[in-house]
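**Q**
Residue numbers (our numbering), protein chains in the order written: chain L, 143 to 523; chain A, 90 to 401.
1. Using 8 Å as the Cβ pair cut-off and three pairs as the minimum, do the region 177–195 of chain L and the region 239–250 of chain L touch?
2. In the DSSP assignment, what residue or residues form a beta bridge with residue 234 of chain A?
3. Should residue 179 of chain L be listed as close to the ligand MN, given that the test is whether its C-beta is under 8 Å from any heavy atom?
4. Measuring CB atoms only, is the region 290–306 of chain A touching the region 227–234 of chain A, in the sense that at least three cross pairs come out at less than 8 Å?
5. Cβ of residue 199 of chain A less than 9 Å from any chain L Cβ?
6. Sort out for me which residues DSSP pairs residue 273 of chain A with in a bridge.
7. Count Cβ pairs between the region 281–301 of chain L and the region 163–182 of chain L that sit closer than 8 Å; are there 3 or more?
8. Decide if residue 314 of chain A is buried, meaning its Cβ has at least 16 other Cβ atoms within 10 Å, or exposed.
9. Does residue 327 of chain A have its Cβ less than 9 Å from a Cβ in chain L?
10. Do residue 290 of chain A and residue 132 of chain A have their beta-carbon atoms positioned less than 9 Å apart in this structure?
11. Secondary structure at residue 193 of chain A, three-state DSSP: helix, strand or coil?
12. Hey, is residue 188 of chain L's beta-carbon within less than 9 Å of any beta-carbon in chain A?
13. Using the Cα positions of residue 136 of chain A and residue 367 of chain A, report the straight-line distance between them to the nearest angstrom.
14. If we cut at 9 Å on Cβ distances, does residue 366 of chain A have a partner in chain L?
15. Going by the CB atoms, is the gap between residue 252 of chain L and residue 215 of chain L shorter than 9 Å?
16. Looking at the unbroken alpha helix (DSSP H) that takes in residue 338 of chain L, where does it start and where does it end?
17. As a quick exercise: from A/370, A/386, A/389, A/151, pick the residue whose alpha carbon is nearest that of residue 138 of chain A.
18. Along chain L, which residues have their Cβ under 7 Å away from the Cβ of residue 221 of chain A?
19. Answer yes or no: does any C-beta atom of chain A fall closer than 9 Å to that of residue 172 of chain L?
20. Quick one: is residue 148 of chain L buried, meaning 16 or more other Cβ sit within 10 Å of its Cβ, or exposed?
21. Can you list the residues of chain A that residue 330 of chain L reaches, using a CB-CB cut of under 7 Å?
22. Who are the near neighbours of residue 178 of chain A in its chain, counting only those whose CB is closer than 7 Å to its CB and skipping five residues on each side?
23. Look at the Cβ atom of residue 296 of chain A, then the Cβ atom of residue 312 of chain A, and state whether they are nearer than 9 Å.
24. Nearest by alpha-carbon distance to residue 474 of chain L: which of L/156, L/158, L/211 is it?
25. Pick helix, strand or coil for residue 282 of chain L, following the three-state DSSP scheme.
26. Return the chain-ordered list of same chain residues with a C-beta closer than 6 Å to the C-beta of residue 271 of chain L, the five sequence neighbours on each side being excluded.
27. If you run the structure through DSSP and keep just helix, strand and coil, what is residue 369 of chain A?
28. Quick check: what's the CA-CA separation for residue 394 of chain L versus residue 430 of chain L?
29. Can you pull the chain L neighbours of residue 224 of chain A, defined as C-beta to C-beta under 8 Å?
30. Here's a check: name, in chain order, each residue in its chain whose Cβ is nearer than 7 Å to the Cβ of residue 176 of chain A, leaving out the five neighbours to either side.
31. Indicate whether residue 354 of chain L and residue 387 of chain L have their beta-carbon atoms separated by less than 9 Å.
32. Considering just the uninterrupted stretch of the beta strand (DSSP E) at residue 294 of chain L, what are its terminal residues?
33. Compute the beta-carbon to beta-carbon distance between residue 180 of chain L and residue 499 of chain L, rounded to the nearest angstrom, for a pair I have assumed lies under 8 Å.
34. Roughly how far, in whole angstroms, is the beta-carbon of residue 35 of chain A from the beta-carbon of residue 264 of chain A, given that I think they are within contact range, below 8 Å?
35. Assign residue 241 of chain A to one of two classes, buried (16 or more other C-beta atoms within 10 Å of its C-beta) or exposed (fewer than that).
So this is what it looks like as structure tokens:
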């Protein structure tokens, strides 16, 4: 039924028969959406004397905020670190496919690459909202090349770099531009890193520590300079040691400023990290856990589907099972925490009134049944 | 106010059929000279809180169905807030979901609202009604009326509330609760029994009792409220008061076994022609055994008022 039109004439959708994730709990409440945003139904009722134009029966499913993947290197045959002739098309393909997994926003991630790759790719990939065509791009995640040689992991050695020109100059030279960059992973023990961390943080770019042999003090100093994320905790860093926990020690460090949270990415596939280690991290610092896929080109392709593609699908269910945490905590690790990390909780990662209506509908086994972006259905099983 | 004689009951076409059938039931057991007493209060005594909620909801349901509301003929309902009516509201929502009742042609007027807290504050009576009733049923917002505690001119707000009730044709059934001090709505002890909708300063006892909803911080509890007056509720064609719990027992005793007294404002309803008090056993603990036995003995008759109505 139309409202008294005092605020808006746009149609209103009411999701009924559902459980929504709000205030860290699953609650039996209806969800109201108008013009792509979550609507306050009490305000609608009393101020506008309005009610819904259409109702969507969720048949008892869970509604969570759409997932946000801050580390994904490609998939379905696409590698974001390749300067192909159709970079945009590649990103778009992955963006479309990940809707099936409930991901509504992501950071295309580039591994260590030569400057020409960065120049090409970064000029093509722009921040844009999601929709029927695919998940939204919040910016790129540049993982490298300013990382440690000893912890390069799968990154190509010949393209690793240091801050030899003083810091920011090296960055601009390598990347070409910092526009459309949302996150940079670097090793803080590299000389001159402090200035870089401070400058990037000031520009609103999330600084992440990873592929590094930093000790705990070096890591703490980086956090004090503005670093706020740890790239795939435990992997490509010094192992926890009781006399110097290294980067892992940030989870319980008392040197982290009071008003700041250090988030940490975890690939919860049971392969990158032993589930017991995952549980230790989660119990030490539950509010900082961010689920990432770190998916690569092979994700989603038939031969690799079982081991790699399956990781992606199973991540939500596996996490809830492996970590022994609640469904709500698992869902927040994939939605609220990445949004908090990127500082975008006003519109993403929550079902609060006024937030973008990016939703994922899940059954009790945390399988994705439908995905919505800005209140519009973009995928259904 | 309406006064009925027995003759008028039988020939008045506007009479509710439930009332008529009750009349006939009474006529069978109650000789003519005593029929006048049928139009004073009924005391419905049930076992516990849940039964009270269910009985009251069924009574309201039957009233609305028998009234047969339509686009030119709304059923006007007065409503309370607080812990007592919650069970009744849950049951009404259940009946709505089962398709037994619709609120499409029902208008509601709430008894009161705090002054000075935001309308979407979790403890405001707007929030209470939205969360506990309105959002679950098919009532239209324009048919709900709750006093606005943030109005620029509070006195005008109260006066216009009275006018809206009048414009709607008066209240068919006013549902209310009772405070431990015998108050109805926010008509605290000492309120005039002739009072109308107005601004009231809350008694210290009420503020203390409410503190638990405001994180125990007395400074956060509203000190004033807008409330319907005793006479406003007395104007309703029928009144139903819900009383549950032992802490209300003394107030119930004062309300129905002692005299009409402005220190126990619910006692005013002894002079209302059609009042129903619905209570649980605990609330009767201060009444005389004789009173309780008498009304318990009438339950088999009174229960006919809540029997499911035959489908049309």
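Where a beta carbon is used, it is the ideal one built from N, C-alpha and C, also for glycine.
**A** Taking the definition as stated:
1. Too few Cβ pairs lie closer than 8 Å, so no.
2. A/198
3. With respect to the ligand MN, the structure shown offers nothing to examine, as it has no ligands at all.
4. no
5. no
6. DSSP lists A/276 as the beta-bridge partner residues of residue 273 of chain A.
7. Judged by Cβ distances under 8 Å, the region 281–301 of chain L makes no contact with the region 163–182 of chain L, as fewer than three pairs qualify.
8. buried
9. No, residue 327 of chain A lies away from the interface with chain L (no Cβ there is under 9 Å from its Cβ).
10. When the beta-carbon positions are compared, residue 132 of chain A and residue 290 of chain A stay at least 9 Å from each other.
11. coil
12. Chain A has a Cβ within less than 9 Å of the Cβ of residue 188 of chain L.
13. 11 Å
14. Closer than 9 Å to the CB of residue 366 of chain A there is not a single CB belonging to chain L.
15. yes
16. 335–344
17. Taking residue 138 of chain A as reference, the option from A/370, A/386, A/389, A/151 with the minimal CA-CA separation is A/370.
18. Going along chain L, no residue has its Cβ under 7 Å from residue 221 of chain A, so there is no contact; the nearest lies around 12 Å.
19. yes
20. exposed
21. Per Cβ cutoff of 7 Å: no residues; residue 330 of chain L is ~43 Å from chain A at best.
22. 221, 222
23. Between residue 296 of chain A and residue 312 of chain A, the gap from beta carbon to beta carbon is short of 9 Å.
24. Of the candidates L/156, L/158, L/211, the one whose C-alpha sits nearest the C-alpha of residue 474 of chain L is L/211.
25. DSSP places residue 282 of chain L within a strand segment (E or B) once states are collapsed to three.
26. 278
27. Strand.
28. 11 Å
29. 172, 183, 184, 187
30. If we look at residue 176 of chain A and ignore the five residues flanking it on each side, its Cβ neighbours are 138, 139, 141, 142.
31. no
32. That residue, residue 294 of chain L, is in no beta strand (DSSP E); it is neither H nor E in DSSP.
33. 5 Å
34. Past the edges of chain A, shown from 90 to 401, lies residue 35 of chain A, and the structure says nothing about it.
35. When all chains shown are included, residue 241 of chain A counts as exposed.
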